[in-house]
Amino acid sequence: MSDPGVTPARTTTRVLGPHEHRAALNLFRDSHHQPPVTDTDWLVLRKTLEPGTVRGEFSDGRLLGMQQTMSGDLIVPGGARVPSAMCARLAVRTGHTRRGVGTRLMKAALRAAQAPLMTVRASEGGIYGRFGFAVGTRARDLVIDRHRARLESHVPDCRHAYVSRSEDRADLIPLLYEEVRGRAGAVDRPDWYESLYSHDTAASGLSSKVIVHQGPGGEDGFARYTVDRVVARDAGARLVLQVDDMHYSSPEAWTGLWRALLNVELVDEIHVLMRPPDEPVEWLFTDPRVCRTRAVHDETWLRLTDVEAALRARRFEGDGSVVIGVEDALLPANSGCYRVSGDGVGRTGAAAHVSGSVAAWSAAYLGTVRPSALAATGALRVGDTRALRTADRLFSVRSEPWSGSFL
Ligand SMILES: CC(C)(COP(=O)(O)OP(=O)(O)OC[C@H]1O[C@@H](n2cnc3c(N)ncnc32)[C@H](O)[C@@H]1OP(=O)(O)O)[C@@H](O)C(=O)NCCC(=O)NCCS
């Protein structure tokens with residue numbers, strides 16, 4: 296019951312005008328323990344808040360939370376580029392968390408979704424499952440001991456790679472990325488991606504260089520890196536080359552880039568961030584232990600926002616069919632049964648062989664985890680064990696999905 300002496304606050308959720316974006320960004324930064332944006336940084340960061348993409352919740356005229364949704368696409372198994380809404384910068388004003396603001400903003404974003412898929416990068420793993428998201432792609436961070444690293448004699452001897460300053464190839468990188476991205480999970484990068492990358496690199500006091508590989512048909516891969524002098528307690532100073540953006544379209548480009556990275560002078564360690572978990576880096580070296588996995592972490596969190604359109608967009612492998620049951624409390628139009636086969640997907644009145652929440656099917660969608668693995672955890676319920684094997688085959692993928700971008 297409300298207190299008769301207190302007037303309840305009036306709460307509204309609406310799309311912000313561009314004049315409100317800086318306040319929203321500062322709210323976001325404060326929620327992440329960062330200072331307000333400076334005038335210089337704002338010149339770059341304002342471009343990342345495209346008009347019409349930012350939603351805010353107000354209480355009695357005061358901004359209490361923000362959330363951003365941008366349009367993009369994501370490659371799904373089979374290679375189709377499927378429209379995808381990129382959810383970003385969900386934040387609630389410090390002191391006003393855990394009162395439902397974030398939930399209302401996310402529900403508004405989901406209801407407004409036009410694309411079959413929605414993605415988000417999660418600051419914490421406990422936030423987005425309740426909104427139907429699940430880990431869709433993962434990435435591996437590696438450390439290479441450069442002094443001990445010797446390439447195996449069977450590694451192709453392609454040496455057609457050259458190094459430039461990133462600024463000098465600023466126009467090329469977005470074009471090359473767009474040309475070579477092909478793995479399920481790869482997203483298109485907004486126009487401001489490059490300027491944000493350069494801004495963040497400069498803010499950390501580093502400059503970046505790029506190695507571009509020249510294949511028989513033209514440039515076919517790049518690796519962007521910075522080099523930093525790192526002083527560790529008890530270990531002295533080391534020069535660390537950090538690769539944070541590497542994409543290519545052929546094994547020759549990949550090995551060519553690796554040869555060039557290993558040839559950068561003065562470097563003690565190579566740290567390679569955000570690599571596909573199944574990229575066979577260890578197999579390049581005479582001693583596989585020169586390559587150490589520092590972390591495997593979740594990358595893109597995915598949510599099917601239009602289940603039928605999303606299922607129709609991806610390829611399913613092999614013969615047979617399975618009826619899957621989907622439960623979606625936040626977008627109830629998705630709830631129901633779908634017959635899935637290599638020949639197509641459609642709604643059906645038949646009973647489900649395997650069922651679960653939209654989050655569970657979002658986890659299985661790109662192929663990061665098999666339906667049977669989800670069933671083992673209880674996330675999927677199985678009415679027919681043979682159908683579960685069929686589901687595993689249908690949802691299987693040839694390489695692990697991966698994004699490799701920071702969005
Ligand atoms: C994360 C955040 C946006 C959630 O918004 P909020 O208004 O606090 O969340 P709500 O009150 O709507 O809470 C909804 C549920 O999520 C839970 N929750 C909120 N934040 C959580 C977190 N960081 N981890 C796990 N659960 C969380 C709440 O306990 C609540 O659970 P319940 O439904 O079981 O009661 C907000 O806490 C925030 O701004 N945090 C700091 C910045 C941040 O991490 N942003 C996310 C960027 S990816």
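The numbering of the sequence shown is the working numbering, which starts it at 296 and goes up by one. For every residue, glycine included, the Cβ atom is placed at its ideal position computed from N, Cα and C. Being a predicted model, the structure only gives us computed values, none of them experimental.
At 3 residues or longer, what runs of the beta strand (DSSP E) sit wholly inside the region 653-686? 675-677
Of all the options S667, T600 and V387, which has the alpha carbon lying nearest to the alpha carbon of L412? T600
Does the pairing of the region 615-628 with the region 636-652 give three or more beta-carbon distances under 8 Å? yes
Any heavy atom of ligand 1 closer than 6 Å to the CB of R397? Here the sequence assigns Gly to residue 397, which means Arg is not the residue at that position. Under cutoff, so the answer is yes.
For T496, verify whether its CB is less than 6 Å away from any heavy atom of ligand 2. Within the structure as shown, ligand 2 is missing, the only ligands being ligand 1.
Spatial neighbours of I370 within its chain, please: C-beta separation below 6 Å, excluding the five flanking residues on both sides. R376, A479 and A481
Which same chain residues end up closer than 6 Å to F353 when comparing Cβ atoms and leaving out the 5 residues on each side of it in sequence? T307
Examine ligand 1 and report whether any of its heavy atoms sits within less than 6 Å of the Cβ of A417. yes
Close beta carbons around R460, own chain, < 8 Å, minus the five adjacent residues each side: S502, S503, K504 and V505
Give the single residue among D529, P313 and L320 whose Cα lies nearest to the Cα of P346. P313
Relative to ligand 1, is the shortest distance from any of its heavy atoms to the C-beta of A386 smaller than 6 Å? yes
Residue burial classification, L669 (beta-carbon count within 10 angstroms, cutoff 16): buried
For T588 and G431, believed in contact at Cβ under 8 Å, the rounded distance: Incorrect: roughly 20 Å between the Cβ atoms, too far for contact.
Alpha carbon to alpha carbon, how far is G360 from V621? 31 Å
I need the straight-line Cα distance from S700 to Y492, nearest angstrom please. 10 Å
Where does V562 fall in DSSP's three states? coil
The beta strand (DSSP E) with H391 in it runs from where to where? Where H391 is concerned, there is no enclosing beta strand (DSSP E), given that its DSSP letter is neither H nor E.
If contacts are defined as beta-carbon pairs under 8 Å, then E603 and V559 qualify, I think. What distance do you get, rounded to the angstrom? Contact flag wrong, Cβ pair sits at about 49 Å.
Go ahead and label S379 buried or exposed: buried means 16 or more other beta carbons lie within 10 angstroms of its beta carbon, across all protein chains shown. buried
Inter-residue spacing [alpha-carbon to alpha-carbon] between L322 and T343: 15 Å
Is it the case that the CB of G421 approaches a heavy atom of ligand 1 more closely than 6 Å? yes
Determine the closest residue to T398 out of Q362, D466, G373 and Y488, with distance taken between C-alpha atoms. Q362
Top-ranked residue by Cα proximity to D540, from Y472, H316 and D563: Y472
Assuming contact is defined by CB atoms lying nearer than 7 Å, are V522 and E564 in contact in what I supplied? no
For G644, which residues in the same chain have their Cβ closer than 8 Å to its Cβ, ignoring the five residues on either side in sequence? C632
Contact check, D687 vs R433 under 8 Å by CB: the rounded distance? D687 to R433, Cβ: 19 Å. No contact.
Among residues of its own chain, excluding the 5 on either side of D436, which ones have a beta-carbon nearer than 6 Å to its beta-carbon? L568, R589 and A590
Close beta carbons around P696, own chain, < 7 Å, minus the five adjacent residues each side: G431, T432, R478, A479, G480, L661, G662 and T663
Excluding the 5 residues flanking W487 on each side, which residues of the same chain have their C-beta closer than 7 Å to its C-beta? K342 and T343
Assuming G427 and L625 make a contact with CB atoms under 8 Å, what is their CB distance in whole Å? 6 Å
Which residues in the same chain have their Cβ closer than 7 Å to the Cβ of D325, if we skip the five residues on either side of it in sequence? T389
Pick out whichever of L597, P583 and L358 has its Cα sitting closest to the Cα of G420. L597
Spatial distance of A404 from T364 (CA atoms): 7 Å
Could you tell me whether the Cβ atoms of T581 and R665 are closer together than 7 Å? no
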